[in-house]
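Here is the structure we will look at.
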């Protein structure tokens, strides 16, 4: 048997007839052991190792073009030759492997392809189920994630996550604001993807604030370490650098630009909401109204002019709407009336 033909067989370059001839020869007692050993040397010395899967694919393609080799009689001949008795045990193992490879080709990749198909069917039958949770104005929601991490969703926000995380990554998608307490797993990063940034941790607590209609996103760390990857590209088209944050540090990422601002955090301004405390820091009347609408799930009708130079700094700990408005009215100088879910300022 021509050694070049044998090499071409292992490289998947034989025609179906040539491959069949090689198989019959290898399965015969006439096949010299030194040629088999020579193939082993060739496999070890070649610069590009033989890719058995590619070999199978190439020969299978040729087999498909040769319908006559798919006939049952031809298959039975090959099967018959796979059950030979070899004098040398090592040669028997090698020859059986080759016979099995070619038999798999002729019969549609045999057991190997069947296993692949079974695996694909199983995956198709168990698709990833995505969980979508959202809150409206005036609502907050605390959730447990598949890895034991917890997330508190602020009002007017939504989060999407898989019913079970993969073996390599834990990823959720957020619109709005949420506080995360992430179970530590050094081998499986936890990633929060929002509109303006991707936030990566391994086990820590932090807030991501990235509302759909906001001009920027804010990420703040309470405990541990967080890496923030802004979603914008640099002027040269490169991905923005990772920003590392430690406890009580934050970053503000402007949407639609490359502006990034690091900052020290105030607990009340960034984290108090999760404790049911509404806090303001030098907030003007318009900012106060917007925050109250989200917090209490109400709308405002303002029938008097409020001075734009006035602002409010302070917090209200779990108070009902009317008591919060009483406190604010002293600063901004207004009266109010509550009608169902509507607040009238006069």
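Numbering (UniProt numbering), first residue to last: 1 to 346.
Each residue gets a CB set at the ideal place from its N, CA and C atoms; glycine is no exception.
Item	Value
In DSSP terms, what residue 314 is bridged to	280
Where residue 213 falls: helix, strand or coil (DSSP)	coil
6 Å CB neighbourhood of residue 262 in its chain, flanking five on each side removed	251
Cutoff 6 Å; reference residue 170; Cβ partners in own chain excluding five residues on either side	147, 188, 190
Short Cβ contact (7 Å threshold) for residue 332 with residue 306	yes
Alpha carbon of residue 315 to alpha carbon of residue 152, nearest angstrom	20 Å
Neighbour-count burial assignment, residue 346, 16 or more Cβ in a 10 Å radius	exposed
When 203, 176, 177, 280 are compared against residue 185, the one with the closest alpha-carbon	203
Residue 161 beta carbon less than 7 Å from that of residue 180	no
Within 7 Å, strictly: CB atoms of residue 196 and residue 217	yes
Per-residue DSSP class, three states only, for residue 326	helix
Through-space distance from residue 129 to residue 227, alpha-carbon basis	27 Å
C-beta atoms of residue 296 and residue 328 nearer than 7 Å	no
The beta strand (DSSP E) enclosing residue 301, as first and last residue numbers	299-302
Heavy atom of the ligand HEM within 6 Å of residue 319 beta-carbon	Looking at this structure, you won't find the ligand HEM or any other ligand, since it has none at all.
7 Å CB neighbourhood of residue 156 in its chain, flanking five on each side removed	135, 136, 137, 176, 294
Span separating the alpha-carbon of residue 173 from that of residue 224	21 Å
Continuous alpha helix (DSSP H) stretch holding residue 268: start and end	267-270
Rounded C-alpha distance that separates residue 313 from residue 278	11 Å
Nearest to residue 199 (by Cα), restricted to the options 302, 219, 166, 343	219
Range of the contiguous beta strand (DSSP E) that encloses residue 160	158-162
Three-state secondary structure assigned by DSSP to residue 8	helix
Bridge partners - residue 249, DSSP secondary structure assignment	264
Buried/exposed call for residue 99, threshold 16 Cβ in 10 Å	Residue placement at residue 99 cannot be trusted, given a pLDDT of 46 that sits under 50; what the coordinates show is reported in the next sentence. Counting Cβ neighbours within 10 Å, residue 99 comes out buried, since at least 16 surround it.
Alpha carbon of residue 309 to alpha carbon of residue 326, nearest angstrom	20 Å
Whole-angstrom distance between residue 241 and residue 267, CA atom to CA atom	26 Å
Proximity to residue 230 [Cα-Cα], best of 214, 222, 260	260
Residue interval of the beta strand (DSSP E) (run including residue 226)	226-230
Host beta strand (DSSP E) of residue 143 (start-end)	141-144
Separation of residue 334 from residue 304, as counted between CA atoms	8 Å
Neighbourhood of residue 355 by C-beta, 8 Å cutoff - its chain only, sequence neighbours within 5 removed	Nothing can be reported for residue 355: it is not among the residues displayed for the chain, which extend from 1 to 346.
CA-to-CA distance, residue 18 to residue 76, given in whole angstroms	Annotation note: pLDDT 41 at residue 76 (below 50); position unreliable, no value reported.
Coarse secondary structure for residue 133, derived from DSSP in three states	strand
Close-in-space but distant-in-sequence residues of the same chain around residue 285 (CB under 7 Å, 5 per side omitted)	306, 310, 332
First and last residue of the uninterrupted alpha helix (DSSP H) at residue 289	285-296
Simplified DSSP state of residue 348, which is helix, strand or coil	What the structure shows of the chain is the stretch from 1 to 346, and residue 348 is not part of that stretch, so it cannot be assessed.
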